[in-house]
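Peer 1: Reminder that position 338 of the sequence shown reads as 346 in our numbering, one-by-one numbering, no gaps.
Don't be surprised by glycine CBs; every beta carbon is placed ideally from N, CA and C.
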Amino acid sequence: MSDWPPKPQNDNTNLNSNVGQQPTGQEWKILEKAVLASVEEQRRTRRWGIFFKILTFLYILFVLVAFVKSCSLSSTDDGSMTSENHLGVVNIIGTIDSSSQGVNSTDTIKSLKKAFEAKSAKAVVLNVNSPGGSPVQSDDIWQEIQYLKKQNPDKKVYAVIGDMGASGAYYIASAADEIWVNPSSLVGSIGVIMPNYGVSGLAQKLGVEDRTMTSGNNKDILSMTKPINPEQRAHIQALLDNVHAHFIDAVKQGRGAKLKSQDPAIFSGLFWTGEQAIKLGIADKAGNIESLKRELKVKKTVNYTVERSPFDSILGRMGSEMGHGLGETINQKLGMNQDVKMQ
Numbered sequence: 009m010s011d012w013p014p015k016p017q018n019d020n021t022n023l024n025s026n027v028g029q030q031p032t033g034q035e036w037k038i039l040e041k042a043v044l045a046s047v048e049e050q051r052r053t054r055r056w057g058i059f060f061k062i063l064t065f066l067y068i069l070f071v072l073v074a075f076v077k078s079c080s081l082s083s084t085d086d087g088s089m090t091s092e093n094h095l096g097v098v099n100i101i102g103t104i105d106s107s108s109q110g111v112n113s114t115d116t117i118k119s120l121k122k123a124f125e126a127k128s129a130k131a132v133v134l135n136v137n138s139p140g141g142s143p144v145q146s147d148d149i150w151q152e153i154q155y156l157k158k159q160n161p162d163k164k165v166y167a168v169i170g171d172m173g174a175s176g177a178y179y180i181a182s183a184a185d186e187i188w189v190n191p192s193s194l195v196g197s198i199g200v201i202m203p204n205y206g207v208s209g210l211a212q213k214l215g216v217e218d219r220t221m222t223s224g225n226n227k228d229i230l231s232m233t234k235p236i237n238p239e240q241r242a243h244i245q246a247l248l249d250n251v252h253a254h255f256i257d258a259v260k261q262g263r264g265a266k267l268k269s270q271d272p273a274i275f276s277g278l279f280w281t282g283e284q285a286i287k288l289g290i291a292d293k294a295g296n297i298e299s300l301k302r303e304l305k306v307k308k309t310v311n312y313t314v315e316r317s318p319f320d321s322i323l324g325r326m327g328s329e330m331g332h333g334l335g336e337t338i339n340q341k342l343g344m345n346q347d348v349k350m351q
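What follows is the structure, encoded as structure tokens:
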């Protein structure tokens, strides 16, 4: 009998033996090395990726800073770079306080010094548009203007008031040789204020108990939940009157014989339009920076105001917010929530 076609052989035995066969120790070592090498390569790739991302970010940040600084330099005239006669402008714009965001004495004094030191600056112009603010900051700026005027007797100072030159802003403006206003400007408000509220009746109705503890009989003199006694009221009023007297003296010294009216209402905290202010003698004439340029026969203005870069402003704002939060906490703990303001 023929054996053709041949029958297929059963290789299940061989297959089963191959499946059950485990890698040898040497094979495991090779496999382990390969896996570890792959993991290490992935880690290395990830580290380099992070490094290049950081490097790219720093490069972009550097380019952005350089661009902003170049823009600020190109957009702001520098009086030291020009020999052409010009008006040196210093802005008094916004609330007057010690923060980097407001009109503070530190930056403003730097600006004034730059304007006075510029040989080609024919006059210094205070560009005023402010509701006022801190009496301390206002007086510091006023004192510096008076000092710089004495050091530079040939360089006049003009204050040009826009929408508003009130309270602390007028305090500063009064140091100028002349005050120019728009007929509709708001001018004056020569007074001092310390806001305070009493909510003791409301607290009782709501069942709120004030458990504030103090050392010193008058430490909580302006507590909102306790009535103020006559002695405390007299003390606070004397304090405000004292600051007000400084304000009045500064205005009288700055304006001198130009004050046409001796009406006490001028120093009562009232404010007037620019047109009324000229009649009272707390302003000199109607005009703006452009008309001042024409009168002094100067075609150019240079802004000497110290401008913080956007990054300085951001950092300053962050620091201000942090400081404000800390200050508020301390004030609340010590009971010192009230500020004296010229507003």
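1. Taking the Cβ atom as the reference point for each residue, do M232 and V207 lie within a distance shorter than 8 Å?
2. Select from A123, L194, K122 the residue whose C-alpha is nearest the C-alpha of E291.
3. Following the continuous beta strand (DSSP E) through V98, name the residue where it begins and the one where it ends.
4. For K163, count neighbouring Cβ atoms within 10 angstroms of its own Cβ and tell me buried if that reaches 16, exposed if not.
5. Would the beta-carbon of Y155 fall within 8 Å of that of W188?
6. Taking the CB atoms as reference points, tell me whether F275 and I256 lie closer together than 8 Å.
7. Taking DSSP as the reference, what is the three-state secondary structure of V111?
8. Going by beta-carbon coordinates alone, are L300 and L134 separated by less than 8 Å?
9. Tell me, to the nearest whole angstrom, how far the beta carbon of G141 is from that of T114; I am working on the premise that it is less than 8 Å.
10. E152 to P272, Cα distance in whole Å?
11. Who are I169's beta bridge partners in DSSP?
12. Using DSSP bridges, identify the partner residues of K308.
13. On the CB-based measure, 16 or more other CB atoms within 10 Å of its CB, does M221 come out buried or exposed?
14. Could you round the C-beta distance between V259 and S182 to whole angstroms and report it? I think they count as a contact, below 8 Å.
15. With respect to the alpha helix (DSSP H) encompassing F275, which residues constitute its N-terminal and C-terminal limits?
16. If you compare alpha carbons, which of N190, I229, D228, I244 is closest to G295?
17. Just how far apart, CA to CA, sit V71 and T64?
18. Does DSSP classify V259 as helix, strand or coil?
19. Just mark L39 as buried or exposed, buried being the case when its beta carbon has 16 or more other beta carbons within 10 Å.
Peer 2: Working from what's here:
1. yes
2. Sequence inspection shows Ala at residue 291; the Glu mentioned does not correspond to that position. Of the listed residues, the one whose Cα sits closest to A291 is L194.
3. 94–101
4. buried
5. no
6. yes
7. strand
8. no
9. The Cβ separation is near 14 Å, so there is no contact.
10. 28 Å
11. V136, V189
12. H94
13. exposed
14. 5 Å
15. From DSSP, F275 is part of no alpha helix (DSSP H); its letter is neither H nor E.
16. N190
17. 11 Å
18. helix
19. exposed
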